[in-house]
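Taking it in order: structure first as C-alpha cells, then the write-up.
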Amino acid sequence: MKKALFACLLTAATFAHAAPVTISFSYEGANYDDDVGGSLVWDPSAKFQASFTGEDLDGDNEIRGDEFTALVVNGVNYITPNTQTDRYTIDDYYFFYRNTQDFAFSTMHQSYDSETGDWTDFQRSFWLSRDGHGKAYWDWFEPGASKTWETTNQTVISVVSVPEPATVLMLGLGLSIIGLAHRRRKTAAS
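In case it helps, mature numbering (1 follows the signal peptide of the UniProt record, and there is no 0) puts the sequence shown at residues -18 to -1, 1 to 172.
Now the structure itself:
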C-alpha cells in the first residue's frame, strides 16, 4: 500500500506546475527628491501600494511581462484594455518577479488631449525596483514634474504573497494524507 501511495504521489508531482501567485505590497514613508538630482528629504506620508498576479509559465523561476494577469498600482489597473482617451502600458523589460525581495516593474498611463490631438508623453508613470539588498526605489513622472523615492530603515514595508486557491487545496490534500498516515500508524500500534 505504501509503495502504491508513493508511486501515485510521485506521478502527481511530475504533473505539477507553477500556480498563479498574487503579491501585494506597500511602502509607507521614504526619502524623496522632488527635483531629480537634488537632495533627499524624509517624507513620512509617502505611500506606494501595488499588487500583481502572475504565473511562471515557462519554468524559468521568474514571472515576466506576458505571464502577469493583473497589475494594480496606487488604485489603477495597468493590465486593462486601452480606450479612446487612455492608454495603459507596462515595460516588459523592467517587469519581473523572482521573489518578494527581487522584483521590478515600470508602467505608463497616457491621456489623449482632444484640443491638440496628441497623446501626452507621460501622464503618470511608476517604476519600482527592489534590488535584494533591502532598498526599494520608485519614481513618478508627470509632464513638468517628477519625484523619486528611496526607502530607508524608517520605511514601513509590507510584502505579502497570497497563495492561489489551487495551492491551498494542494496543501489541504497533503496535510490530510499526513494526518491519515499518522492515524493509521497510531491504530496499528495499539
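Built from N, CA and C at the ideal position, the CB exists for glycine as well.
In the three-state reduction of the DSSP assignment, L22 falls in the coil class.
A12 is positioned such that its CB atom lies no closer than 8 angstroms to that of T89.
For a cut-off of 8 angstroms, the C-beta gap from S6 to V142 is around 5 angstroms, short enough to register as a contact. Setting aside the 5 residues that flank it on each side, Y60 is surrounded in the same chain by L53, Y70, I72 and T89, each with a C-beta closer than 6 angstroms to its C-beta; the list follows chain order.
Taken through DSSP and simplified to helix, strand or coil, S96 comes out as coil. If you draw a straight line from the Cα of Q92 to the Cα of I160, it comes to about 53 angstroms. Nearest Cα to S33 within the set N56, D15 and G41: N56.
Only exposed fits W24, as fewer than 16 other CB atoms lie within 10 angstroms of its CB. Residue range D68 to I72 is occupied by the beta strand (DSSP E) that includes D68. Taking Q31 as the centre and dropping the five residues before and after it, the same chain places the C-beta of S8 and N56 closer than 7 angstroms to its C-beta, in chain order.
Shortest Cα-Cα distance from I45 to any of T67, A86, E10 and S96 involves A86. Per DSSP, A52 is one residue of the beta strand (DSSP E) stretching across F50 to V55.
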